[in-house]
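Residue numbers (the numbering used here): 60 to 385.
By construction, the Cβ of each residue, glycine as well, lies at the ideal position given by its N, Cα and C atoms.
Below: one structure, written as structure tokens.
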């Protein structure tokens with residue numbers, strides 16, 4: 060990513076002059092302004108829009124989440140903002156829409172604001188282009204730590220997958236289908252599926268390839284007819300609660316009852332799942348507290364020079380009423 064310093068060097072001026080020329084602030088000659096703007100255009104440097112520029116003297120952090128409309132990430136974001144407000148930091152927000160390409164562009168845009176740190180929820184931390192560049196102090200949220208970025212706040216998603224699968228097996232289910240968003244868009248979903256495989260293989264039960272569908276889409280258009288005809292599951296695990304709600308709607312459109320005909324379980328513990336009738340069986344994740352922990356960890360690293368570390372928080376099974384004994 061091109062920096063303002065590179066623009067200044069190409070234009071043959073100081074960093075301060077380049078900043079004044081691009082931000083239209085202060086005294087700059089017309090000749091210098093033309094040189095700086097040509098250099099910025101040649102190098103592909105993007106000037107941040109005025110509405111998002113950092114207020115003078117106020118530090119900001121950047122936060123990347125997959126979707127601002129998903130209650131899971133909204134809860135984390137709210138707690139991050141509350142923690143940063145107390146610390147006197149502003150928060151810049153970007154979303155990736157579960158797309159690795161948009162993810163890289165969103166982080167590049169955040170970096171133009173020169174944040175003191177970043178909190179990132181990535182599609183796949185191990186393979187992300189974002190982590191292959193120099194970054195300010197960075198905390199991964201919901202992604203496992205990597206060699207270069209050891210600061211992370213997570214739950215053990217693989218163990219969560221084991222727990223919900225073991226619960227269904229204990230209820231007598233033997234043919235269980237796993238439905239997920241695209242694994243390339245969520246390493247959390249892939250780890251939950253790995254936990255599903257662990258239990259079924261340990262029990263000598265059949266396991267099935269995950270039915271992967273786009274995270275961004277209309278759940279009311281989900282058609283499960285082919286998968287039901289091929290696999291005939293007695294239970295379905297969805298990789299998150301929003302998807303579980305879509306699965307229940309799809310089953311009801313086919314004239315099937317939940318849990319009378321097919322049991323359904325999810326992950327996250329969002330409020331809408333508990334307002335359903337019957338309430339959704341799910342793994343409850345501490346999304347709000349994870350956001351607060353990530354914010355505190357980032358402040359500790361950026362402001363106090365603390366060592367980056369991996370913090371893992373707990374989760375719990377909420378039995379609900381959408382999974383029955385068979």
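Item                                                                                                                                : Value
Alpha-carbon spacing of residue 180 relative to residue 340, whole angstroms                                                        : 25 angstroms
Backbone CA spacing between residue 113 and residue 286 [nearest angstrom]                                                          : A caution first: residue 113 carries a pLDDT of 49, below 50, which makes its placement in the model unreliable, though a value can still be read off. When rounded, the distance between both Cα atoms is 50 angstroms.
Simplified DSSP state of residue 306, which is helix, strand or coil                                                                : helix
Sequence ranges, beta strand (DSSP E) only - wholly within the stretch 210 to 248, length at least 3                                : 211 to 213, 235 to 240
Cα-Cα separation between residue 209 and residue 103, rounded to whole angstroms                                                    : 31 angstroms
Residue range of the beta strand (DSSP E) that includes residue 152                                                                 : 149 to 154
Burial state of residue 98 (16 or more Cβ within 10 Å)                                                                              : buried
Cβ separation of residue 227 and residue 294, assumed to be a contact under 8 angstroms, to the nearest whole Å                     : 5 angstroms
DSSP three-state assignment for residue 327, whether helix, strand or coil                                                          : strand
Start-to-end residues for the beta strand (DSSP E) that takes in residue 371                                                        : 369 to 371
DSSP three-state assignment for residue 382, whether helix, strand or coil                                                          : coil
Expected contact under 8 angstroms - CB spacing of residue 291 and residue 384 to nearest Å                                         : Between residue 384 and residue 291 the Cβ distance is about 18 angstroms, and since that is not below 8 angstroms, they are no contact.
Distance between residue 205 and residue 185 (C-alpha atoms, nearest Å)                                                             : 7 angstroms
Residues of its chain near residue 66, where Cβ-Cβ distance is below 7 angstroms and the 5 sequence neighbours each way are ignored : 77, 95, 98, 99, 102, 104
The stretch 229 to 249 contacting the stretch 260 to 271, beta-carbon criterion three pairs below 8 angstroms                       : yes
For residue 345, the nearest candidate out of 215, 363, 297 (CA to CA)                                                              : 215
CB contact below 8 angstroms: residue 384 versus chain C                                                                            : Among the chains in the structure shown there is no chain C, since it carries only a single protein chain.
Alpha-carbon to alpha-carbon, residue 200 and residue 253                                                                           : 20 angstroms
Contact set for residue 330: own chain, Cβ-Cβ below 8 angstroms, skip 5 residues either direction                                   : 130
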